[in-house]
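Engineer:
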Amino acid sequence: MYASGLRISEAATLEVSAIDSANLLLRIIGKGDKERRVPLPQPVLHDLRGLWRIHRHPRWLFPNGHGTNSVNQQVLGRTFRAAAHAAGITRRVTPHSLRHSYATRLLESGVDTRVVQILLGHVNIATTAIYTHLTEPTRISLRGVLDKLMTGL
16 MYASGLRISE
26 AATLEVSAID
36 SANLLLRIIG
46 KGDKERRVPL
56 PQPVLHDLRG
66 LWRIHRHPRW
76 LFPNGHGTNS
86 VNQQVLGRTF
96 RAAAHAAGIT
106 RRVTPHSLRH
116 SYATRLLESG
126 VDTRVVQILL
136 GHVNIATTAI
146 YTHLTEPTRI
156 SLRGVLDKLM
166 TGL
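Residue 16 is where the sequence shown starts when you use the numbering used here, and the numbers rise one by one after that.
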């Protein structure tokens with residue numbers, strides 16, 4: 016979910032056929048059955064291939080325990096909470112926190128807000144704009160830019 020900014024519903028229902036290995040893309044069917052293509056980092060593709068080799072389900076990338084359908088979103092949520100707890104994370108985090116982190120990190124790395132909007136599948140740019148809050152790395156970068164611009168005035 017973090018590596019491609021997916022909603023939990025999108026991750027749970029990912030199909031094997033959604034992976035475009037040659038172009039390192041995932042075809043995502045999001046809200047309102049809208050399709051978008053998002054980058055799939057090479058290390059994540061490698062890990063997904065390893066996971067698939069274990070279960071070899073012909074349709075679902077993440078099948079349920081019986082192999083009859085995709086994994087349930089509640090199961091993903093419980094797994095996420097258990098992992099957060101095991102990592103010692105004490106504040107309240109949800110699987111959606113991964114999506115927020117993905118968007119924030121892209122923006123901090125200089126990716127244009129419009130590109131982030133497309134990657135997240137937001138219809139309205141205002142929805143994406145909530146991620147433009149000033150985080151500490153952004154503040155530090157901004158200070159440097161402002162100092163440079165204002166030198167010699």
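In this text, a Cβ means the ideal position worked out from N, Cα and C, and glycines have one as well.
Taking only the alpha-carbon atoms, compute the straight-line gap between R74 and T83 and give it to the nearest angstrom.
Structural biologist: Going by the C-alpha atoms only, they are around 10 Å apart.
Engineer: Pick helix, strand or coil for V86, following the three-state DSSP scheme.
Structural biologist: Residue state, collapsed to three classes: coil.
Engineer: Nearest to G45 by CA position, among E123, Y117 and A27, is which residue?
Structural biologist: Of E123, Y117 and A27, the residue nearest in Cα terms is A27.
Engineer: To the nearest angstrom, report how far apart H70 and P110 are at their CA atoms.
Structural biologist: If I take the Cα positions, the gap works out to 23 Å.
Engineer: Restricting to Cα atoms, I'd like to know which of A101, P78 and D62 is closest to V90.
Structural biologist: For V90, the nearest C-alpha among the options comes from P78.
Engineer: Using three-state DSSP, classify D127 as helix, strand or coil.
Structural biologist: The answer is coil: DSSP assigns D127 none of H, G, I, E or B.
Engineer: Give the range of the beta strand (DSSP E) segment to which P152 is assigned.
Structural biologist: Not the beta strand (DSSP E): P152 falls in the alpha helix (DSSP H), residues E151 to M165.
Engineer: Where do the ends of the alpha helix (DSSP H) carrying E30 lie?
Structural biologist: No alpha helix (DSSP H) holds E30; DSSP gives it neither H nor E.
Engineer: If we count the other Cβ atoms within 10 Å of its Cβ and call it buried at 16 or more, is V53 buried or exposed?
Structural biologist: Under this definition V53 is a buried residue.
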